[in-house]
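Let me begin by presenting the structure, written as structure tokens, before commenting on it.
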Amino acid sequence: MNKKLIFIFICFPLISFGQNFVNDGAIYDAQKELLNNFVDAWLKEDAKRCASLYENEAIYMIPGVPILEGHSSILNSYKKLFSIKRGYKATMEEPVIEVLPMDDWAMVRGVGNSKEIVNGVAQTRTYKWIILSRKQKDDSWKIVWDIFNYDHPLTN
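What the sequence shown shows, in numbering that gives the first Met the number 0, is residues 0 to 155, in sequence order.
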């Protein structure tokens, strides 16, 4: 489907009918599950599982990297990330703040933090993110667009 049409289908209802964000209910819970699955896969350095949470034509926009388009580009990005041996203990949280449900689509906003513990010293990085997800035929949800950026550099 043309990306411009997707944009129109998403933005037109928002402009025409206003925003109706939710922070509970079935769609909200499904988005929390999607993000929790991502965090679990990331912490386990499971590139295949991370990428499996994205649709085949997904767009992934991360700081300092050209836009990643498509499942294979996203998978390769996670493989590259996880191929670098971690010399630290990592933690990560990505709570969902609110969800804008749109039938089989959902716009999801959240924040995150990751912590690297190196030689007993914790370095924390905070960030914000937004994803567009779509309900699949099996009632699961997958990420269509994933955008995040850091608030500031690592801090002690």
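Virtual Cβ for every residue (Gly too), placed ideally from N, Cα, C.
Compute the beta-carbon to beta-carbon distance between residue i and residue j, rounded to the nearest angstrom, for a pair I have assumed lies under 8 Å.
{"i": "M106", "j": "L99", "result": "4 Å"}
{"i": "G69", "j": "A57", "result": "7 Å"}
Would you report the Cα separation of residue i and residue j, rounded to the nearest angstrom?
{"i": "W104", "j": "D145", "result": "14 Å"}
{"i": "D45", "j": "F81", "result": "8 Å"}
{"i": "V95", "j": "L34", "result": "8 Å"}
{"i": "F20", "j": "Y27", "result": "10 Å"}
{"i": "N148", "j": "K141", "result": "20 Å"}
{"i": "I130", "j": "M60", "result": "10 Å"}
{"i": "E97", "j": "G109", "result": "7 Å"}
{"i": "Y77", "j": "A25", "result": "29 Å"}
{"i": "Q18", "j": "M101", "result": "10 Å"}
{"i": "D23", "j": "E32", "result": "12 Å"}
{"i": "K114", "j": "R124", "result": "6 Å"}
{"i": "N43", "j": "N36", "result": "It should be noted that the sequence gives Lys, not Asn, for residue 43. Distance between the alpha carbons of K43 and N36 is about 11 Å."}
{"i": "W41", "j": "D137", "result": "23 Å"}
{"i": "V64", "j": "K84", "result": "20 Å"}
{"i": "L67", "j": "I116", "result": "29 Å"}
{"i": "S71", "j": "A29", "result": "25 Å"}
{"i": "K79", "j": "R48", "result": "14 Å"}
{"i": "S15", "j": "S139", "result": "Its pLDDT being 48, under 50, S15 is placed unreliably by the model, and the measurement read from it follows with that caveat. Between S15 and S139, the C-alpha separation is close to 28 Å."}
{"i": "Q135", "j": "N75", "result": "23 Å"}
Take residue i as the anchor and find which of the options has the nearest alpha-carbon.
{"i": "G86", "options": "G119, E97, I61, L33", "result": "G119"}
{"i": "Q122", "options": "D102, K134, K88, K136", "result": "K88"}
{"i": "R133", "options": "L67, E115, N55", "result": "N55"}
{"i": "W128", "options": "A50, P62, A29", "result": "P62"}
{"i": "E93", "options": "K84, V117, N112", "result": "N112"}
{"i": "M126", "options": "H151, K84, I116, D138", "result": "A small fix is needed here, since residue 126 is Tyr in this sequence, not Met. The candidate whose alpha carbon is nearest that of Y126 is H151."}
Opposite residue i in the DSSP bridges: which residues?
{"i": "I58", "result": "E68, W144"}
{"i": "K134", "result": "W140"}
{"i": "Y53", "result": "I142"}
{"i": "Y149", "result": "Y126"}
{"i": "V38", "result": "Beta-bridge pairing links V38 to no other residue."}
Completely contained beta strand (DSSP E) runs for the segment 67 to 135, where each covers 3 or more residues: 88 to 92, 95 to 101, 104 to 117, 120 to 134
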